[in-house]
Amino acid sequence: MALIAALEFGDNNIRRYTKQYLLADCRFVFDRPYNAFSPERPARCERLEVVVIAPGKKDLGLFQWFSNQEIREGRIAISLIGDMMQNQADPQVIYFENAKCLSLSEIYDIDNSSRRLVKLAIVADSIEIEDVEFKCV
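In my numbering, the protein residues as written are 5 to 141.
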């Protein structure tokens, strides 16, 4: 069994995505403000942290997104793939709306097969996993 994940930018309303980056790692950070050991407000998604297999040197889309503080929408699709492409399960899809890139760092790992990686921290107005929506404010 193998996991394959991709960060995709596009239009969530029509489910059309025009740009895709393969992920080497991803982490979703959720929290719930509390007071005296009791929840104070609804749960929220604090940020999405992704490590992208770096695109070619001429593809500066991620750097422009970080630099210009553009707002984007898209999704992260995570698929579990079985042996010989059989028994492929439905992907887990995390949709994000009105997202900005908070931080970007480049990683050069000489010993890794993906030697050049880009790490992003993303915040969004809302994150949707299946039918559960988290507001990020």
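Note that beta-carbon positions come from the ideal geometry of N, C-alpha and C, so glycine has one too.
When DSSP builds the beta bridges, which residues end up paired with Glu26?
-> The amino acid at residue 26 is misidentified as Glu; the sequence shows Leu. DSSP, once it has assigned bridges, lists Ala10 as partnering Leu26.
Segments assigned alpha helix (DSSP H), at least 4 residues, entirely inside the segment 31 to 102 = 65 to 72
With DSSP as the reference, label Glu137 as helix, strand or coil.
-> strand
Decide yes or no for the touch test of the segment 65 to 79 against the segment 98 to 113: beta carbon pairs closer than 8 Å, at least 3 of them.
-> The segment 65 to 79 is in contact with the segment 98 to 113.
Buried or exposed for Tyr25, please, with buried defined as at least 16 other CB atoms from any protein chain shown within 10 angstroms of its CB.
-> buried
Report yes if the C-beta distance between Glu101 and Ala125 is below 8 Å; otherwise report no.
-> no
Less than 8 Å between the CB atoms is what I'm expecting for Pro6 and Ile85, so what's the real figure, rounded?
-> According to the sequence as given, residue 6 is Ala; it is not Pro. With a Cβ gap of about 5 Å, Ala6 and Ile85 count as contacting.
Would DSSP call Ile131 helix, strand or coil?
-> strand
Who pairs with Asp15 in a beta bridge, going by DSSP?
-> The partner list for Asp15 (beta bridge, DSSP) reads Arg20.
Take the Cβ of Tyr99 as the centre, count every other Cβ of all protein chains shown within 10 Å, and call the residue buried at 16 or more, exposed below.
-> buried
Can you name the residues that DSSP bridges to Leu106?
-> DSSP output for Leu106 lists no bridge partner at all.
Give the DSSP bridge partners of Arg119, in chain order.
-> Partner(s): none; Arg119 has no beta bridge.
Hey, would you say Gly60 sits closer than 8 Å to Gly14, going by beta carbons?
-> no
Which class does Ile114 belong to by DSSP, given the choice of helix, strand or coil?
-> Three-state DSSP puts Ile114 in coil, outside helix and strand.
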